[in-house]
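For reference, the structure discussed in these notes is given below.
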Ligand code: LHQ
């Protein structure tokens, strides 16, 4: 249900249930989680690129998995979130390495919100983001109720979530919800180049940068200044800092090792 390939320090994870627009069943959940865990564990992985196969990125939960017409007990969606979505969301946010998301087509429901949890989001111009939850009586999950108001503000977050209107990638870029919308045929070339550039970077410092920027949402300026001091202390002891300064002084390109 996913494809994972490691090249030039980039673990490319491709959601791979194209017939179902890469919607999540339990198998794909566990495979995605294992792949991101692998990115945590393996030092040679220095960036992740997440994308989808076929014409969609991810249509959220596989709704065929929970057909109410089949009867059975009332679904426990809280359990589904605790067991499947939330651990993956936390893993992406806590991974001390950059995660690039290449949204190749429609991203709906939890599929959209997983994209917004990634560090740099590129999307094909033809892609759309849909907070599909309200269409089926649910609330935004997979971190969307947290990320949307923070990124685009309450008015736009509420309108998207209450109406489930599709948001074109170009508007998402104009609103700062994603980094860039790109012509469809350039998406994967650019996303791969970006992920490889990040993978060749000072990984330790990039990981600390990610943590710092994420911490800002819940910290005061004083706390943030203290955290910057601590992170800079750590970054300043890295081999990559020594290499970065040496390369600058020698007027050459730095060769970072990620340490
Ligand atoms: C699908 C799906 C899908 C199964 C397309 N499931 N087959 C968390 C906790 C627990 C439970 C519930 O949910 C959650 C979080 C969530 O993510 S809730 C939101 C779930 N997602 C949705 O409500 C989106 C449902 N999909 C759609 O609205 C449309 O498919 C979109 C707008 C994404 C794309 O529309 P189209 O481009 O017109 O494609 P399509 O609808 O024709 O879909 C293509 C195929 O993919 C089709 O199958 P078929 O056999 O007819 O070719 C769809 O049935 C299948 N598919 N999404 N979520």
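Residue numbers (UniProt numbering): 6 to 264.
Where a beta carbon is used, it is the ideal one built from N, C-alpha and C, also for glycine.
{"Query": "Cutoff 6 Å; reference residue 17; Cβ partners in own chain excluding five residues on either side", "Result": "10 and 54"}
{"Query": "Three-state secondary structure (DSSP) of residue 133", "Result": "strand"}
{"Query": "Same chain, Cβ closer than 7 Å to residue 155, neighbours up to 5 away in sequence not counted", "Result": "222"}
{"Query": "Residue 128 beta carbon less than 8 Å from that of residue 177", "Result": "yes"}
{"Query": "Straight-line Cα distance separating residue 185 from residue 137", "Result": "22 Å"}
{"Query": "Exposure of residue 163, with buried meaning 16 or more beta-carbon neighbours within 10 Å", "Result": "exposed"}
{"Query": "Boundaries of the alpha helix (DSSP H) in which residue 236 is found, first to last residue", "Result": "226-241"}
{"Query": "DSSP three-state assignment for residue 248, whether helix, strand or coil", "Result": "helix"}
{"Query": "Status (buried if at least 16 other CB within 10 Å, exposed otherwise) for residue 66", "Result": "buried"}
{"Query": "Opposing strand residues paired with residue 56 [DSSP bridges]", "Result": "19"}
{"Query": "Alpha-carbon to alpha-carbon, residue 207 and residue 241", "Result": "11 Å"}
{"Query": "Cβ-based neighbour list, residue 199, same chain, cut-off 6 Å, excluding 5 preceding and 5 following", "Result": "105"}
{"Query": "Rounded Cβ spacing between residue 122 and residue 108 (contact assumed at less than 8 Å)", "Result": "Residue 122 to residue 108, Cβ: 12 Å. No contact."}
{"Query": "Residue 120 - DSSP class collapsed to helix/strand/coil", "Result": "helix"}
{"Query": "Stretch pair the segment 77-87 + the segment 17-30: three plus CB contacts closer than 8 Å", "Result": "no"}
{"Query": "Proximity test, residue 189 beta-carbon vs ligand 1 heavy atom, cut-off 7 Å", "Result": "no"}
{"Query": "Buried or exposed by the 16-neighbour rule on C-beta atoms within 10 Å, applied to residue 243", "Result": "buried"}
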